[in-house]
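In this note's numbering, the protein residues as written are 534 to 693.
Written out below as structure tokens is the structure these notes cover.
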Amino acid sequence: MSKPANPATPCAAVDVPEITKSAYPAPFADVVAGRSKRKLGDAFGLSNFGVNYTTLPPGKASALFHHHAKQDEFVMVLQGEAVVRVGDQEHRMQAGDCIGFAAGTGVGHQILNRSNAPLVYLEVGDRTAGDQVQYPEDDLQAIQQPDNSWLFLHKNGEGW
């Protein structure tokens, strides 16, 4: 199946266009280089939550270690093996395993592919407006703009 002509038509996830560009400022983009996302939620016109079919090559991370103020996240591994950092702990995940990250807890998370094979997972997140993301290990914070784009700032509030 291909990308749906209308939102009520099924499609194959791999037929939704890949996005490989990172929104991170240049000093941080290498962490996710090679990651690809297929925005399944957008393909179906979903507005309350996003669904991404994500492929992460060996040696890469899903994102910088971070936590959200307002938006919950959920991840389910479809193929491969992940290491998930949550706070100061690490957990191994394999196909069929899932985990959720509640907003507003201040507990950071990050998905890593330390294996020699691609990692494929679904990530689901709500689209609550006005989110802010903190990156405790980096000089970075992100503020969601009214058009849903992200403004990246240094921790002192200066722009990148």
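We put the CB at the ideal spot given by N, CA and C, even for glycine.
Three-state secondary structure assigned by DSSP to residue i
i	result
residue 652	strand
residue 730	No answer is possible for residue 730: the residues shown for the chain start at 534 and end at 693.
residue 628	coil
residue 636	coil
residue 575	helix
residue 534	With a pLDDT of 47 at residue 534, under the threshold of 50, the modelled position of that residue is not reliable, and the figure given next carries that caveat. Here residue 534 sits in coil by DSSP.
residue 566	coil
residue 618	strand
Cross-strand partners of residue i (DSSP beta bridge)
i	result
residue 557	Paired residue(s): none; residue 557 is not in a bridge.
residue 692	686
residue 583	658
residue 667	600, 674
residue 541	Residue 541 is not bridged to any residue.
Other residues of its chain near residue i: CB distance less than 6 Å, five sequence neighbours each side excluded
i	result
residue 676	665, 684
residue 558	685, 693
residue 631	609
residue 623	616
residue 619	642
Residue i versus residue j: straight-line alpha-carbon distance, rounded
i	j	result
residue 534	residue 553	With a pLDDT of only 47 at residue 534, under 50, the local geometry of the prediction cannot be trusted, and no value is derived from it.
residue 656	residue 611	10 Å
residue 586	residue 653	7 Å
residue 601	residue 682	15 Å
residue 599	residue 543	33 Å
residue 603	residue 667	11 Å
residue 562	residue 556	8 Å
Close Cβ partners of residue i (< 8 Å) along its chain, the five nearest in sequence each way excluded
i	result
residue 687	672, 673, 674, 693
residue 651	588, 589, 590, 591, 612, 613
residue 633	605, 606, 607, 608
heavy atom of the ligand FAD below 7 Å from residue i C-beta
i	result
residue 567	Although the ligand FAD was asked about, the structure shown includes no ligands whatsoever.
contact_flag[the region 544-551, the region 573-581] where n(CB pairs < 8 Å) is 3 or more: yes
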